[in-house]
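Q:
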């Protein structure tokens, strides 16, 4: 049994290469046994003589492709077909020969070696090789096998070698002194010039930073580094003034930002240059003391009043005189003006905060000797609010009250607006007008939140008797001076369902909805249409009749009678209601009609003493209401009855002047001055001498 056979690769002989022989002790040489080969390459690469067991290689083998083959052999009896021995496994190994030359993995290699490098796989042949002198090198490398002995093979490759840069060079200025000129009053941040230090290194090794080391202008100038060009840019840091200083001297350093510690022994990696800056004198425009002005003024300031002042000066040494003016493009209405010599701003017209709360004007300061030199400044004028507007209803209210309303029912919430803007915020108050402090129909409830609620005061309203009510409401604010106005609320009486939703506000609609159903309404409509048709037919038939002429002959002349049945208004239409009966209940006359005119009096703010506890007045009002409601000769329901009876408990009795003609003209009114400040005006009017009254 053979465990393995050996075979040379790349056999070039004419015959097949003999590998080995398989043989079993059961082989008697009589040809009864048969040898069979299986496994890697059996039958194609390796063949066996089935009678003798000799193995040959049928093809040339390459160890670099496959170096090991595993095969199995067995011997069988030709007659029975049975194996005379168990199958055995063996190996064929291919011996290597030197048939391949050395090959590099790349045709061209690129390598980099830091300049001034030491020993390496590829090392410099000269010490301290400088990249600045030569950067690129190319070498050819040969590789041989068999240790370089005869018969060995070889291969070559090319290596391009680049010397990389190291930071071994400091920056150097090309000149030691730089000179720049700058006009005074240049804007801050202006670039005055550039300085440059050269560094033979490249990349980050050539990066540098510029800084001002010392000098008399360190607080006036700055230097920044341009990262693209590696230049230093001199900029203005503070305002320059020729009259203050004309020449500045700076020392500027250029320093490498990435020094290499290995080469610090070569010297400091920075350089210094001197920068001189000359300031040039120019004629500067006037300069204001502020960049802007804010002036606050009350809106009730009088015309011609001075509200503020602006000041400017000439920064030049000659100190020219300056005149002031208002740019009329910013004050088209010519509301403000300015004194040209001292800059005092005054008003030309009245101010109104509600129309224009701010005025933004521009003031110009110009040199008298050189009008081209001028400056502009914004002046912001804020108009402060004065309480000069009375509060009024915020909107028009469509108010109605249901006929079935209950006492104390809210029918409307009103709010007001005021054009003024007090600093503490708006606070409004609602009251009945002093002339009508007690309203039998409605009550005004101040909600203390700038709104008021209108409440019903009685149970049930009849729109057939009174379809509309007018409710005057006194509104005033809490600012100084107090402003007030009277707003009249129109309240319509409407028919409502049980949920309080309005259905109709006219008396005719109420009758139809209460007494007629839908079918009845349709029947009435049909009857009206039939009646209209009959009228049209009757008119058409009548026109067909022959009409007799009015004048039969020339002599027949008849009188044309024109009837005027308009009776006119008469005295009853203009008879005024005698209000004196209300002044004194005992003097009341019967059958006096009320005047149907809404009062037009502008009510003034006046606090009146409430009369809710005055029982006799309340009873008196109720009696008057019942009498007027039951009076068949009463005027239309939108009339306004005035009740000014003060009651039996009044100390001053009646103050009405309606009956003054019947009294004594020489009455003494000095006692009015003892009644307090409320009667001061009357005391001044009637308490004087006779000559004053005349």
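Numbering (my numbering), first residue to last: 2 to 695.
Where is the CB? At the ideal position from N, CA and C, for every residue including glycine.
Between the region 480–497 and the region 397–406, do at least 3 Cβ pairs fall closer than 8 Å?
A: Flag = yes, the region 480–497 and the region 397–406 touch.
Q: Tell me which same chain residues have a C-beta within less than 7 Å of the C-beta of residue 184, skipping the five on either side of it?
A: Within the same chain, residue 184 has close Cβ partners 281 and 283.
Q: Which residues share a DSSP beta bridge with residue 360?
A: Answer is 382, bridged to residue 360.
Q: If you run the structure through DSSP and keep just helix, strand and coil, what is residue 203?
A: DSSP places residue 203 in coil when its eight states are reduced to three.
Q: Give a yes or no on whether the C-beta atoms belonging to residue 104 and residue 156 are separated by under 8 Å.
A: Yes, they are a contact pair.
Q: Could you have a look at residue 245 and say whether DSSP puts it in helix, strand or coil?
A: Residue 245: coil per DSSP, three-state reduction.
Q: Where does residue 248 land, buried or exposed, given buried means 16+ other C-beta within 10 angstroms?
A: That one is exposed.
Q: Can you tell me the Cα-Cα spacing of residue 296 and residue 313, whole angstroms?
A: So the alpha carbons of these two residues sit roughly 17 Å apart.
Q: Residues in the same chain with beta-carbon distance under 7 Å from residue 442, minus the five sequence neighbours each way, listed in chain order, please.
A: Cβ neighbours of residue 442 beyond the five flanking positions: 458, 459 and 470.
Q: Residues in its own chain within less than 6 Å of residue 219 by CB, not counting five upstream and five downstream?
A: Closer than 6 Å at the Cβ level, and outside the excluded window around residue 219, lie 213.
Q: Whose C-beta lies closer than 7 Å to the C-beta of residue 605 among residues of the same chain, with five residues either side of it excluded?
A: In this prediction, residue 605 scores a pLDDT of 42, lower than 50, which makes its location untrustworthy; the coordinate-derived value is nonetheless stated afterwards. Once the five neighbours on either side are set aside, residue 605 has no close Cβ partner at all.
Q: Mapping DSSP to helix, strand and coil, what is residue 307?
A: Residue 307: strand per DSSP, three-state reduction.
Q: Tell me the residue span of the alpha helix (DSSP H) that contains residue 684.
A: First-last of the alpha helix (DSSP H) with residue 684: 681–687.
Q: So, for residue 322: in the same chain, excluding its five sequence neighbours on each side, which residues have a beta-carbon less than 6 Å away from its beta-carbon?
A: These residues qualify, in order along the chain: 369.
Q: Taking the alpha carbon of residue 482 as the reference point, which residue from 266, 531, 423 and 539 has its own alpha carbon closest?
A: Comparing Cα positions, the closest option is 423.
Q: Tell me the rounded alpha-carbon separation between residue 9 and residue 52.
A: Whole-angstrom Cα-Cα distance: 25 Å.
Q: Along the chain, where does the beta strand (DSSP E) containing residue 181 start, and where does it finish?
A: Looking at the DSSP string, the run of the beta strand (DSSP E) that includes residue 181 is 178–184.
Q: Taking all protein chains shown into account, decide if residue 362 is buried (16 or more other Cβ within 10 angstroms of its Cβ) or exposed.
A: It is buried - the Cβ of residue 362 has at least 16 other Cβ atoms within 10 Å.
Q: Decide yes or no for the touch test of the region 168–180 against the region 136–146: beta carbon pairs closer than 8 Å, at least 3 of them.
A: No, the region 168–180 is not in contact with the region 136–146.
Q: Shortest alpha-carbon distance to residue 256 belongs to which of 198, 204, 230 and 475?
A: Among 198, 204, 230 and 475, the Cα nearest to that of residue 256 belongs to 198.
Q: Pull up the CB-CB distance for residue 70 and residue 42, whole angstroms please, since I reckon it's below 8 Å.
A: Yes, residue 70 and residue 42 are in contact; Cβ-Cβ is about 6 Å, under 8 Å.
Q: Going by the beta-carbon positions, is the gap between residue 412 and residue 432 smaller than 8 Å?
A: No, they are not a contact pair.
Q: Look up residue 313 in the DSSP assignment and say whether it is helix, strand or coil.
A: Residue 313: strand per DSSP, three-state reduction.
Q: Roughly how many whole angstroms lie between the Cα atoms of residue 509 and residue 522?
A: Residue confidence for residue 509 is low, a pLDDT of 44 falling below 50, so the modelled location carries little weight; the figure read from the coordinates is stated next. Cα-Cα distance, rounded: 13 Å.
Q: Going straight from the alpha carbon of residue 427 to that of residue 320, what length do you get?
A: Distance between the alpha carbons of residue 427 and residue 320: 53 Å.
Q: Give me whichever residues DSSP pairs with residue 257 in a beta bridge.
A: Partner(s): 209.
Q: Are residue 440 and residue 416 close, meaning C-beta to C-beta below 8 Å?
A: No, the Cβ-Cβ distance between residue 440 and residue 416 is not below 8 Å.
Q: Okay, do the region 347–367 and the region 265–278 touch, 3+ Cβ pairs below 8 Å being the bar?
A: These segments do not touch.
Q: Work out the CA separation of residue 15 and residue 100 for me, nearest whole Å.
A: Answer to the nearest angstrom: the Cα atoms are 19 Å apart.
Q: Can you tell me where the beta strand (DSSP E) with residue 455 in it begins and where it stops?
A: Note, residue 455: beta strand (DSSP E), 452–457.
Q: When burial is assigned at 16 or more other CB atoms within 10 Å of the CB, is residue 344 buried or exposed?
A: Buried, since its Cβ has 16 or more Cβ neighbours within 10 Å.
Q: Among 334, 627, 462 and 621, which has the Cα closest to the Cα of residue 506?
A: Here the closest residue by C-alpha is 462.
Q: Looking at the secondary structure, which residues open and close the beta strand (DSSP E) in which residue 142 lies?
A: Per DSSP, residue 142 belongs to the beta strand (DSSP E) from 137–145.
Q: Relative to the C-alpha of residue 26, which candidate in 85, 73 and 94 has its C-alpha closest?
A: Selected option, being the one with the closest Cα: 85.
Q: Which residue's Cα is closest to the Cα of residue 477: 205, 437, 421 and 502?
A: For residue 477, the nearest C-alpha among the options comes from 421.
Q: May I have the straight-line CA-CA distance separating residue 537 from residue 543, to the nearest angstrom?
A: The straight-line gap from Cα to Cα measures roughly 10 Å.
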